[in-house]
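Data block below; observations after.
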Amino acid sequence: MGNVTSSVAAKFAFFPPDPPTYDVCKDDDGKLVFTGITADKNADVHLIETKGGNNIVATFWRHPFGRFTILYSHGNAADLGQMQELFIELRAHLRVNIMSYDYSGYGASTGKPSEFNTYYDIEAVYNCLKNDYGIKEEDVILYGQSVGSGPTLHLASRLQRLRGVVLHSAILSGIRVFVSSENDILV
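According to our numbering, the sequence shown is numbered sequentially starting from 1.
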């Protein structure tokens, strides 16, 4: 029953922008870059393979004095192209590094969005933070917005020394659209 529930939930939970707001290509130096958007180009762009076999796009926005890193899981109807202005502002005002990613099936990421794929996605991005940037667990703040609260809590449940966890309009707020109380489902 869990897979049926998960696939039904996915139909309500995931709305990737169609068409995506950006694409990824290599520049003349062989570095991955965004195309189709005009904001700050000072992010490292990654294509990361997940345990689920998908390749997801992630960005790392370094702040020159950033001690902490926010690993940001966005909401259900946005992709990295739409979110990058926010990441630029967060980096500047909070003086933190930002690691962000698109879920499988969002933006230029391959695969289909699903609950389990979001878990594989965030695990792969966290491993990139550790392995490519040397970011320590105790310097990571997980941030989950809307449907992003699911993968955020999944990863938080496996890590013991996180700096913090932020849930912004967590998934329960979306479920309340369909459920008026603990026992009643609105149809």
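Note that CB positions come from ideal geometry on N, CA and C, so glycine has one too.
- Taking a C-beta distance under 8 Å as the contact criterion, Val147 and Ala13 qualify as a contact pair.
- In terms of Cβ geometry, Ile122 and Trp61 do not form a close pair [threshold 8 Å].
- Only residues of its own chain outside the window of five on either side were considered, and among them Ile48, Thr50 have a CB closer than 6 Å to the CB of Ala124, listed in chain order.
- Restricting attention to alpha helix (DSSP H) runs no shorter than 4 residues, the region 104 to 158 encloses them at 115 to 133, 149 to 156, ordered along the chain.
- Burial state of Thr59 is buried, judged by a 10 Å Cβ sphere holding 16 or more other Cβ atoms.
- Under the three-state reduction of DSSP output, His74 falls in the coil class, being neither helix nor strand.
- When C-alpha distances from Tyr143 are compared across Asp28, Val96, Ser104, the shortest belongs to Val96.
- Out of Ser157, Ser149, Arg161, Leu159, the CA that lies nearest to the CA of Leu167 is found in Ser149.
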